[in-house]
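Asks:
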Amino acid sequence: MELTFIGYAQIVLGMLVVIAGNMRHALMLLMASALFNGSAAILLPALGGSSIPPIQFALAFVFLRILMPGSAAIGDLPEALKANRMLALFSFYGIATAFILPRIFAGSVNVYPMQFNDVADLFATVPLEPTSQNLTAAFYLLGSLLSAIVVWIACRRTDAAATMVGTLIVMAWVHSILGLAGIAIRGTSVDAVFELFRNSAYVQMDDAIGGFVRIRGIFPESSAYATLGFVLFVANSEMWYRSIRSTATGLATLVMGTVLFFSTSSTAYLGLAIYGLFFALRIFALPGATNFAKAKTAFAAIGSIIFLSALLFIASPALVEGVVDVVKRMTIEKSSSDSGMQRLYWAQQGWDLFRHSYGLGVGPGSFRSSSIFFAMLGSMGVIGILSFLSYLIAAFQPWRRSSWTESAIPAENLGGALGSAALLSLIPAAVNSPTAVPGVTFVILASASLALRPFDLARRIDPFRRAETPVSATTVAQ
Numbered sequence: 001m002e003l004t005f006i007g008y009a010q011i012v013l014g015m016l017v018v019i020a021g022n023m024r025h026a027l028m029l030l031m032a033s034a035l036f037n038g039s040a041a042i043l044l045p046a047l048g049g050s051s052i053p054p055i056q057f058a059l060a061f062v063f064l065r066i067l068m069p070g071s072a073a074i075g076d077l078p079e080a081l082k083a084n085r086m087l088a089l090f091s092f093y094g095i096a097t098a099f100i101l102p103r104i105f106a107g108s109v110n111v112y113p114m115q116f117n118d119v120a121d122l123f124a125t126v127p128l129e130p131t132s133q134n135l136t137a138a139f140y141l142l143g144s145l146l147s148a149i150v151v152w153i154a155c156r157r158t159d160a161a162a163t164m165v166g167t168l169i170v171m172a173w174v175h176s177i178l179g180l181a182g183i184a185i186r187g188t189s190v191d192a193v194f195e196l197f198r199n200s201a202y203v204q205m206d207d208a209i210g211g212f213v214r215i216r217g218i219f220p221e222s223s224a225y226a227t228l229g230f231v232l233f234v235a236n237s238e239m240w241y242r243s244i245r246s247t248a249t250g251l252a253t254l255v256m257g258t259v260l261f262f263s264t265s266s267t268a269y270l271g272l273a274i275y276g277l278f279f280a281l282r283i284f285a286l287p288g289a290t291n292f293a294k295a296k297t298a299f300a301a302i303g304s305i306i307f308l309s310a311l312l313f314i315a316s317p318a319l320v321e322g323v324v325d326v327v328k329r330m331t332i333e334k335s336s337s338d339s340g341m342q343r344l345y346w347a348q349q350g351w352d353l354f355r356h357s358y359g360l361g362v363g364p365g366s367f368r369s370s371s372i373f374f375a376m377l378g379s380m381g382v383i384g385i386l387s388f389l390s391y392l393i394a395a396f397q398p399w400r401r402s403s404w405t406e407s408a409i410p411a412e413n414l415g416g417a418l419g420s421a422a423l424l425s426l427i428p429a430a431v432n433s434p435t436a437v438p439g440v441t442f443v444i445l446a447s448a449s450l451a452l453r454p455f456d457l458a459r460r461i462d463p464f465r466r467a468e469t470p471v472s473a474t475t476v477a478q
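Sequence positions in the sequence shown follow the UniProt record's numbering and run 1 to 478.
Dropping the structure here:
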């Protein structure tokens with residue numbers, strides 16, 4: 001086990017939170033750690049090159065803060081677990097099957113493993129067997145559940161809403177600036193500083209395509225950068241649509257969206273396209289719940305970006321050919337490329353293993369997929385996919401008005417924005433996630449939504465209370 005410089009920095013910040021901070025600071029530390037998802041806080045060479053990312057390492061200090069003597073937060077643990085019970089079922093089942101199912105089905109089927117050294121054959125497989133990746137997947141599943149618990153506890157405090165909103169805004173700006181800075185310093189000596197943050201075991205992909213530098217910030221490759229960027233984009237966009245700090249969230253949405261637009265990442269393009277479709281369908285399908293002023297502003301912003309891009313292309317005709325070539329390669333031609341066919345093959349593995357295991361799955365970490373949902377099918381079977389979908393429905397709550405538009409109740413309003421963002425944040429994972437483990441950013445948004453807007457409608461209680469004190473029993477109306 002090797003502690004990196006990021007890990008040392010987190011120890012310092014984490015101990016400050018434990019000793020002198022409160023749950024607000026703990027929530028900020030956990031969320032900010034997501035900006036380093038492409039980095040490692042701890043390297044684990046003995047486990048096949050696995051690593052512990054900063055956001056998982058930050059959990060240790062957040063839990064220490066909860067367990068501090070005199071903290072009222074510790075009394076909320078049972079309620080937090082109950083609120084996230086479907087995620088708990090998903091996680092505990094996944095942890096158990098990560099150790100059991102690979103042994104039951106060992107040697108009965110061939111798979112493309114999570115880590116494979118034979119890169120010469122894109123479709124080579126090996127017999128299924130227990131590996132260190134099963135342990136890694138189990139650890140990440142536990143981390144996702146613990147993240148949900150601590151976020152729920154933190155978001156049951158009066159200052160949680162402002163902290164959540166402010167942190168998401170700052171994260172969008174920092175992520176955007178780091179992405180643009182990565183382009184500006186590429187090829188210079190300063191780029192070595194960014195390389196220090198790319199210290200995890202992830203593959204370092206080519207950061208240029210068709211002569212265009214791909215935006216990746218401090219992440220190892222563009223797709224990972226775009227995945228987090230899209231989460232921050234939709235979170236700020238949904239808050240802006242509901243008039244939550246409109247100016248700040250609107251600017252953060254515009255900047256993050258523009259960076260994604262020029263990122264040359266197929267993940268970003270797919271995410272933006274599907275979100276645009278969702279935004280438009282919400283307007284036309286639910287006109288009574290539409291904020292037309294915000295809708296007009298959104299379409300005006302999109303039109304402005306297109307107009308400015310057109311002016312740029314007119315000024316440089318040669319640029320048009322290059323951009324068209326890049327877009328074709330990252331979208332239309334992607335499916336017929338070697339990478340596209342390999343990803344399709346990885347996704348197919350999930351369905352084949354679901355059938356082979358009679359709906360049980362073969363255990364998280366047993367094979368590589370290219371979609372979180374196919375990974376769930378193949379890894380955790382019927383129980384895994386149903387428990388996760390139940391948790392997703394509980395967070396989004398599509399039957400509530402606040403899931404689609406602005407609510408007059410602050411808690412409902414922010415809860416609806418975060419619930420919608422949690423659902424939409426899965427778009428990148430649906431086409432590029434190698435495992436069944438949901439990202440911690442999804443869990444943060446979903447659990448915060450459940451804390452602000454409880455799923456048990458008959459037992460809903462006031463989500464706002466004094467910091468570090470027990471919740472009141474005041475009922476909140478929709």
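We put the beta carbon where it would ideally sit given N, CA and C, even for glycine.
Predicted model, so just to flag it, every value in this text is computed and none were measured.
Checking 8 Å against the spacing of the C-beta atoms, do serine 200 and alanine 226 come in under that value?
Replies: Mapped onto the sequence shown, residue 200 falls at position 200. Mapped onto the sequence shown, residue 226 falls at position 226. Their beta carbons are not under 8 Å apart, which means serine 200 does not touch alanine 226 by this criterion.
Asks: For the beta strand (DSSP E) holding leucine 43, just list the boundary residues, first then last.
Replies: For the purposes of this step, residue 43 is identified with residue 43 of the sequence shown, where counting begins at 1. 42–44 is the span of the beta strand (DSSP E), which, as asked, contains leucine 43.
Asks: Since I believe serine 447 is in contact with valine 151 (beta carbons under 8 Å), could you give me their beta-carbon distance rounded to a whole number of angstroms?
Replies: In the sequence shown, residue 151 corresponds to position 151, counting from 1. In the sequence shown, residue 447 corresponds to position 447, counting from 1. So it is a contact: roughly 4 Å between Cβ atoms.
Asks: For a quick check, are the C-beta atoms of leucine 59 and glycine 143 less than 8 Å apart?
Replies: By one-based count along the sequence shown, residue 59 stands at place 59. By one-based count along the sequence shown, residue 143 stands at place 143. Contact flag set, yes.
Asks: Since serine 246 sits in a beta bridge, which residues does DSSP pair it with?
Replies: Taking the sequence shown and counting its residues from 1, the one referred to as residue 246 is at position 246. Note: serine 246 sits in no beta bridge, so no partner.
Asks: Is tyrosine 391 buried or exposed, if buried means 16 or more other CB atoms sit within 10 Å of its CB?
Replies: The residue labelled residue 391 in the question sits at position 391 within the sequence shown. Buried: at least 16 other Cβ atoms inside 10 Å.
Asks: Would you check if there are 3 or more beta carbon pairs closer than 8 Å linking the stretch 427–438 to the stretch 132–143?
Replies: Verdict: yes, contact present.
Asks: Rounding to the nearest angstrom, what Cα-Cα distance links leucine 141 and leucine 308 in this structure?
Replies: Counting from one through the sequence shown, the residue named residue 141 turns up at place 141. Counting from one through the sequence shown, the residue named residue 308 turns up at place 308. Cα-Cα distance, rounded: 44 Å.
Asks: Apart from the five residues just before and just after glycine 384, which ones in its own chain have a Cβ nearer than 7 Å to its Cβ?
Replies: As a first step, residue 384 must be located in the sequence shown, where it is residue number 384. The answer, listed in chain order, is Phe90, Tyr93, Gly94, Gly361, Met376, Ala436.
Asks: Take isoleucine 409 as the anchor and find which of Leu445, Phe5, Leu254, Leu452 has the nearest alpha-carbon.
Replies: Taking the sequence shown and counting its residues from 1, one reaches residue 409 at position 409. Among Leu445, Phe5, Leu254, Leu452, the Cα nearest to that of isoleucine 409 belongs to Leu452.
Asks: Using the beta-carbon count (16 or more within 10 Å), is glutamate 195 buried or exposed?
Replies: Residue 195 sits at position 195 when you count from the first residue of the sequence shown. Exposed, by the Cβ-count rule.
Asks: I'd like to confirm the pairing. Which residues does DSSP put opposite leucine 3 in its beta bridges?
Replies: Against the sequence shown, residue 3 aligns to sequence position 3. Looking at the DSSP assignment, leucine 3 forms a beta bridge with Ile42.
Asks: Once you ignore the five residues that flank alanine 88 on each side, which residues in its own chain have a CB closer than 7 Å to its CB?
Replies: Taking the first residue of the sequence shown as position 1, residue 88 is located at position 88. Cβ within range, chain order: Leu81, Leu145.
Asks: Does DSSP put valine 17 in a helix, a strand or coil?
Replies: Position 17 of the sequence shown holds residue 17. Valine 17 falls in the helix class under three-state DSSP.
Asks: Just checking, does the stretch 148–168 make contact with the stretch 56–76 on the three C-beta pairs under 8 Å criterion?
Replies: Touching, yes.
Asks: In three-state terms, what does DSSP make of serine 263?
Replies: Locating residue 263 in the sequence shown gives position 263, counting from the first residue. Correct three-state label for serine 263: coil.
Asks: In the DSSP assignment, find the alpha helix (DSSP H) that holds serine 425 and state where it starts and stops.
Replies: Your numbering for residue 425 matches position 425 in the sequence shown. It is not in any alpha helix (DSSP H) - serine 425 carries neither H nor E in the DSSP assignment.
Asks: So isoleucine 66 is in the alpha helix (DSSP H); what residue range does that whole segment cover?
Replies: Position 66 of the sequence shown, counted from the start, is the residue given in the question as residue 66. First-last of the alpha helix (DSSP H) with isoleucine 66: 54–66.
Asks: Classify glycine 107 as buried or exposed, calling it buried when 16 or more other Cβ atoms lie within 10 Å of its own Cβ.
Replies: Taking the first residue of the sequence shown as position 1, residue 107 is located at position 107. Exposed, since its Cβ has fewer than 16 Cβ neighbours within 10 Å.
Asks: Once DSSP output is grouped into helix, strand and coil, what is the label at serine 371?
Replies: On the sequence shown, position 371 is the one that residue 371 refers to. Residue state, collapsed to three classes: coil.
Asks: How should isoleucine 177 be labelled, buried or exposed, when 16 other C-beta atoms within 10 angstroms of its C-beta is the threshold for buried?
Replies: As a working note, residue 177 is residue 177 in the sequence shown. With fewer than 16 other Cβ atoms within 10 Å, it is exposed.
Asks: Roughly how far, in whole angstroms, is the beta-carbon of isoleucine 244 from the beta-carbon of alanine 417, given that I think they are within contact range, below 8 Å?
Replies: Numbered from 1 along the sequence shown, position 244 holds the residue referred to as residue 244. Numbered from 1 along the sequence shown, position 417 holds the residue referred to as residue 417. About 6 Å separates the two Cβ atoms, so the contact holds.
Asks: Leaving out five residues on either side along the sequence, give the residues of the same chain with a beta carbon under 7 Å from the beta carbon of glycine 217.
Replies: Here residue 217 refers to the residue found at position 217 of the sequence shown. Once the five neighbours on either side are set aside, the close Cβ partners of glycine 217 are His175, Leu178, Gly179, Gly182, Tyr225.
Asks: In the structure shown, what three-state DSSP assignment does asparagine 134 receive?
Replies: Looking up residue 134 in the sequence shown gives position 134. If DSSP states are grouped into helix, strand and coil, asparagine 134 belongs with the helices.
Asks: Judging by CA-CA distance, which residue of Ala26, Leu30, Ile55, Phe230 is the nearest neighbour of glycine 38?
Replies: Taking the sequence shown and counting its residues from 1, one reaches residue 38 at position 38. It is Ile55.
Asks: Compare the Cα-Cα distances from serine 263 to each of Ile283, Ile215, Ala248 and report the closest residue.
Replies: Indexing the sequence shown from 1 puts residue 263 at position 263. If we check each option's Cα against that of serine 263, Ile215 comes out closest.
Asks: Can you grab the Cα-Cα spacing for the pair alanine 285 / serine 304, in whole Å?
Replies: Walking along the sequence shown from the start, residue 285 turns up at place 285. Walking along the sequence shown from the start, residue 304 turns up at place 304. So the alpha carbons of these two residues sit roughly 25 Å apart.
Asks: Using the Cβ count rule (16 or more neighbours within 10 Å means buried), how would you classify tryptophan 240?
Replies: Translated into the one-based positions of the sequence shown, residue 240 becomes position 240. When all chains shown are included, tryptophan 240 counts as buried.
Asks: Kindly list the residues whose CB is nearer than 7 Å to the CB of phenylalanine 57, restricted to its own chain and excluding five residues on each side of it in sequence; keep chain order.
Replies: Against the sequence shown, residue 57 aligns to sequence position 57. Excluding sequence neighbours, phenylalanine 57 sits near Gly7, Gln10, Ala41, Ile42.
Asks: Can you say whether phenylalanine 292 is buried or exposed, counting buried as having 16 or more other CB atoms within 10 angstroms of its CB?
Replies: What you label residue 292 is simply residue 292 of the sequence shown in a count that begins at 1. Exposed is the call here.
Asks: Would you say phenylalanine 278 reaches chain B, if we count a Cβ-Cβ gap shorter than 8 Å as a contact?
Replies: Given the protein chain composition of this structure (a single chain), no chain B is represented.
Asks: Rounded to the nearest angstrom, how far is the Cβ of isoleucine 372 from that of leucine 270, given a contact under 8 Å?
Replies: Within the sequence shown, numbered from 1, the residue matching residue 372 stands at position 372. Within the sequence shown, numbered from 1, the residue matching residue 270 stands at position 270. Between leucine 270 and isoleucine 372 the Cβ distance is about 14 Å, and since that is not below 8 Å, they are no contact.
Asks: Would you call the stretch 98–113 in contact with the stretch 14–31, where contact means no fewer than 3 C-beta pairs closer than 8 Å?
Replies: Output reads no: the stretch 14–31 does not touch the stretch 98–113.
Asks: Out of curiosity, what's the CA-to-CA distance linking arginine 198 and threonine 441?
Replies: Against the sequence shown, residue 198 aligns to sequence position 198. Against the sequence shown, residue 441 aligns to sequence position 441. Taking the straight line joining both Cα atoms gives about 19 Å.
Asks: Taking the alpha helix (DSSP H) that glycine 229 falls in, what are its first and last residues?
Replies: Stepping through the sequence shown from its first residue, residue 229 is reached at position 229. Glycine 229 -> alpha helix (DSSP H) spans 222–241.
Asks: With a CB to CB cut of under 8 Å and the five nearest residues on each side skipped, what residues in its chain are close to serine 420?
Replies: Numbered from its first residue, the sequence shown carries residue 420 at position 420. Closer than 8 Å at Cβ, skipping near neighbours: Val234, Glu238, Phe396, Ser403, Trp404.
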